[in-house]
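With numbering that gives the first Met the number 0 applied, the sequence shown covers 0 to 575.
Note that the Cβ used here is the ideal one computed from N, Cα and C, for glycine as well.
In what follows, a single structure is set out as structure tokens and then discussed.
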Amino acid sequence: MPVHNADIAAVFDEIADLLEIQGENPFRIRAYRNAARQMESMGMPAADMVAKGEDLTELPGIGDDLAAKIREMVETGKCKALEKLRAKFPPTITTLLKLPGLGPKRVKTLYDKLKIKTLEQLKAAAREHRIRELEGFGDKTEATILEALEQHAEQVTRFKLAVAAQYAEPLASYLKRSRNVKQVEIAGSYRRCKETVGDLDLLATTKGASNVMDRFVKYDEVRDVLAHGETRATVRLKCGLQVDLRVVSTESFGAALQYFTGSKAHNIEIRRLGQDRKLKINEYGVFKGKKSIAGATEESVYRAVGLPWIAPELREDRGEIEAARKGKLPKLVELSDLRGDLHAHTKATDGHHTLKEMAEAAKARGLEYLAITEHSRRLTVAHGLDPHRLRKQMEEIDRLNQNLSGITILKGVEVDILEDGSLDLPDEVLTECDLVVGAVHSKFHLPRAKQTQRILRAMERPYFSILAHPSGRLIGSREAYEVDMLKIIRAAKARGCFLELNAHPERLDLMDVNCQLAKDENVLVAISSDAHRLQDFDNLKYGVGQARRGWLTKDDVLNTRPLKLLVSLLRRTIKK
Ligand code: DGT
Ligand code: CA
Ligand code: CA
Numbered sequence: 000m001p002v003h004n005a006d007i008a009a010v011f012d013e014i015a016d017l018l019e020i021q022g023e024n025p026f027r028i029r030a031y032r033n034a035a036r037q038m039e040s041m042g043m044p045a046a047d048m049v050a051k052g053e054d055l056t057e058l059p060g061i062g063d064d065l066a067a068k069i070r071e072m073v074e075t076g077k078c079k080a081l082e083k084l085r086a087k088f089p090p091t092i093t094t095l096l097k098l099p100g101l102g103p104k105r106v107k108t109l110y111d112k113l114k115i116k117t118l119e120q121l122k123a124a125a126r127e128h129r130i131r132e133l134e135g136f137g138d139k140t141e142a143t144i145l146e147a148l149e150q151h152a153e154q155v156t157r158f159k160l161a162v163a164a165q166y167a168e169p170l171a172s173y174l175k176r177s178r179n180v181k182q183v184e185i186a187g188s189y190r191r192c193k194e195t196v197g198d199l200d201l202l203a204t205t206k207g208a209s210n211v212m213d214r215f216v217k218y219d220e221v222r223d224v225l226a227h228g229e230t231r232a233t234v235r236l237k238c239g240l241q242v243d244l245r246v247v248s249t250e251s252f253g254a255a256l257q258y259f260t261g262s263k264a265h266n267i268e269i270r271r272l273g274q275d276r277k278l279k280i281n282e283y284g285v286f287k288g289k290k291s292i293a294g295a296t297e298e299s300v301y302r303a304v305g306l307p308w309i310a311p312e313l314r315e316d317r318g319e320i321e322a323a324r325k326g327k328l329p330k331l332v333e334l335s336d337l338r339g340d341l342h343a344h345t346k347a348t349d350g351h352h353t354l355k356e357m358a359e360a361a362k363a364r365g366l367e368y369l370a371i372t373e374h375s376r377r378l379t380v381a382h383g384l385d386p387h388r389l390r391k392q393m394e395e396i397d398r399l400n401q402n403l404s405g406i407t408i409l410k411g412v413e414v415d416i417l418e419d420g421s422l423d424l425p426d427e428v429l430t431e432c433d434l435v436v437g438a439v440h441s442k443f444h445l446p447r448a449k450q451t452q453r454i455l456r457a458m459e460r461p462y463f464s465i466l467a468h469p470s471g472r473l474i475g476s477r478e479a480y481e482v483d484m485l486k487i488i489r490a491a492k493a494r495g496c497f498l499e500l501n502a503h504p505e506r507l508d509l510m511d512v513n514c515q516l517a518k519d520e521n522v523l524v525a526i527s528s529d530a531h532r533l534q535d536f537d538n539l540k541y542g543v544g545q546a547r548r549g550w551l552t553k554d555d556v557l558n559t560r561p562l563k564l565l566v567s568l569l570r571r572t573i574k575k
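Written out as structure tokens, the structure reads:
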């Protein structure tokens, strides 16, 4: 049974959680967390490295002890250290930690004082007002817990798009190798590039007898087979992700693809347009009476209701049908349109590679420029730069640029926006940068007006270029902070600043609806990887997916500009 990097990451995270509840040394806990992030983000399966006898300790953050645990998991599928730790606690206790506001310390108190081990027990205790009585808790915490429990019920079963991709893509390739299979497509929210997916909806067509259904239920990642018919089967994978597979006829493929891509709201509108024309539209085709008039391709389905084909990312019933009718659909930005990347880190702070390695990786992906934007001093956990170190890096970049061909490194910085809206580095050094990316990394809970004011004030600073991950949300774990995004976008317009769409799979921030706002206000969006490792440049595709959901075209995106034009656009930012 292959052990995935994601499985190893989950084990390391669980160990870190349990060590935290136990009150262990923070350094030890952080080592496990870092190792988990390393596993999640590396391109090569750790299992392959073990099979080839490669040295795991070459990986950043992996020492002898962690390497031994990885080998153990790959070889035995188990981790004894985790099993030992688990034995000390009730098995459900780590689920409590996933709730916002409940750290290990509070979980320990709940467990020690109220014997709370499960979400159900937690809910009951909150309802009976037993939690507010505990030391370190209060009325407000109790209310927050109840609210979080309600949200949790919806969220817990959804997978981040990039995580779903780790399972979806190999499964689709595996199915494509079935006998007599013609097409395999992943439809549903996955195809719409939604930031999280509830389940996967796969479609296949065959010519003649095929073993695709049997292969599907026998896939070695399958944990349970929930349904297994001739043309439809549903399984649950070991990771918990549910997958539907439907086999449809070639004549129905387009109709089925359109139907199962959704969204439901979009499809309802399309069916209504069909009804206006006395047409019946379902997953088998478009019918006039009994006669099928379309369905082999998606284009034919849309054509039947008088529309051009609509890109899946737009199918959310947010005006796309109207735009299609008027011939005003945007020509959406594509990955190949990106000319550069405006947010990346190196070993100088919390990245894992050198300047040169990052530059070469970006160049290999066809990029013409790469901005290095290290953290500023305030972010001590990331070993942020002070003016002296930043200037040293700028000198190094100048030297490197002289020796590089085909790519230009831009001198940037990701400077913290402090609580009062001032920046974490003095103007003198910021003015020496090619671009200044400003970011909120603390005080997420300020009242809306204060938070907005803080960011507006920061944007007024000379040379502020791009607002990083504008909402601050972390998908599934941290809500966006309260902020007046329209005000910020308008200020960006007035000051000649830009907004970032951070492509990290946990962020995808600027969010799609705010991309639309930015576009409406003529503010360009920078799709940036926030790369800490070479393989993180791969995440740009998820950023492009979110941008497409936000209706952005090539023209709406800052880093589709060639270097010269980019530099002149960045110069517009404030001349005192
Ligand atoms: P998810 O899985 O929650 O991330 O979201 P989707 O959009 O993948 O939704 P899912 O898996 O429930 O269904 C896949 C698609 O199938 C959905 O986007 C539209 C279509 N569909 C499902 N149920 C219905 C329905 O009751 N009516 C219509 N018109 N379409 C439906
Ligand atoms: Ca789905
Ligand atoms: Ca489904």
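- Per DSSP, reduced to three states, the secondary structure at GLN21 is coil, with no helix or strand assignment.
- Not one heavy atom of ligand 2 lies closer than 7 Å to the C-beta of SER299.
- With a cutoff of 7 Å, ASN266 counts as near ligand 1, since its C-beta is closer than that to a heavy atom of the ligand.
- The way I'd put it, the segment 136-144 doesn't touch the segment 196-211; fewer than three beta-carbon pairs between them come closer than 8 Å.
- As for any beta strand (DSSP E) of minimum length 3 sitting wholly inside the segment 170-220, the runs are 180-185, 198-205, ordered along the chain.
- Here LYS181 is exposed. Its C-beta has fewer than 16 other C-beta atoms within 10 Å.
- Remark: the C-beta of GLY187 is in contact range of ligand 2, defined as less than 7 Å to any heavy atom.
- Burial of MET393 is indicated by the presence of at least 16 other C-beta atoms within 10 angstroms of its C-beta.
- For ILE320, the CB contacts under 8 Å within the same chain, skipping 5 residues up- and downstream, are HIS265, GLU268, ILE269, LEU272, LEU306, ILE309 in chain order.
- Inside the segment 380-416, DSSP marks whole beta strand (DSSP E) runs of 3 or more residues at positions 407-415, from first to last along the chain.
- Residue state for GLU499 is assigned as strand, using DSSP reduced to three classes.
- At least one heavy atom of ligand 2 is found less than 7 Å from the C-beta of GLY197.
- The Cβ neighbour count for SER251, taken over all protein chains shown within 10 Å, is at least 16; the residue is labelled buried.
- ALA323 and LYS540 have their C-alpha atoms roughly 25 Å apart.
- Taking non-hydrogen atoms of ligand 2 into account, the C-beta of ASP111 is found less than 7 Å away from none of them.
- GLY339 sits buried, since 16 or more C-beta atoms from the chains shown fall within 10 Å of its C-beta.
- In the structure shown, the three-state DSSP call for ILE292 is strand.
- Note on geometry: alpha-carbon atoms of LYS486 and THR451 lie some 8 Å from one another.
- If you keep only unbroken beta strand (DSSP E) runs of at least 3 residues inside the segment 433-482, you get 434-438.
- Straight across, the Cα-Cα distance linking SER291 with ASN210 is about 28 Å.
- In terms of CA proximity to ALA80, ILE7 leads the group ILE7, LEU473, LEU98, MET41.
- Taking the CA atoms as reference points, ALA226 sits about 31 Å from LYS97.
- ILE130 and HIS151 have their alpha carbons spaced roughly 18 Å apart.
- Taking C-beta atoms under 8 Å as the contact rule, VAL414 and LEU403 fail to qualify, at a distance of about 25 Å.
- For GLN545, the uninterrupted alpha helix (DSSP H) run begins and ends at 539-548, by DSSP.
- Pairing VAL524 with LEU562 gives a Cβ-Cβ distance that is not under 8 Å.
- Ligand 3 has a heavy atom closer than 7 Å to the beta-carbon of ASP200.
- Straight-line measurement puts the Cα of PHE259 at about 13 Å from the Cα of ILE280.
- For PHE443, the closest of GLU13, SER40, HIS387, ARG477 by C-alpha to C-alpha distance is ARG477.
- For ASP223, the distance from the CB to the nearest heavy atom of ligand 3 is not below 7 Å.
- Under the 8 Å Cβ criterion, the segment 139-149 does not count as touching the segment 469-484, having fewer than three qualifying pairs.
- When the beta-carbon positions are compared, VAL332 and ASP555 come within less than 8 Å of each other.
- With respect to LEU201, VAL242 sits close: the two C-beta atoms are nearer than 8 Å.
- Within the same chain, Cβ atoms closer than 7 Å to the Cβ of ALA467 are found at HIS342, GLU413, VAL436, GLY437, ALA438, GLU499, ASN501, the five residues on either side in sequence being excluded.
- The residue among ALA9, VAL234, ARG235 with its C-alpha nearest the C-alpha of CYS78 is ALA9.
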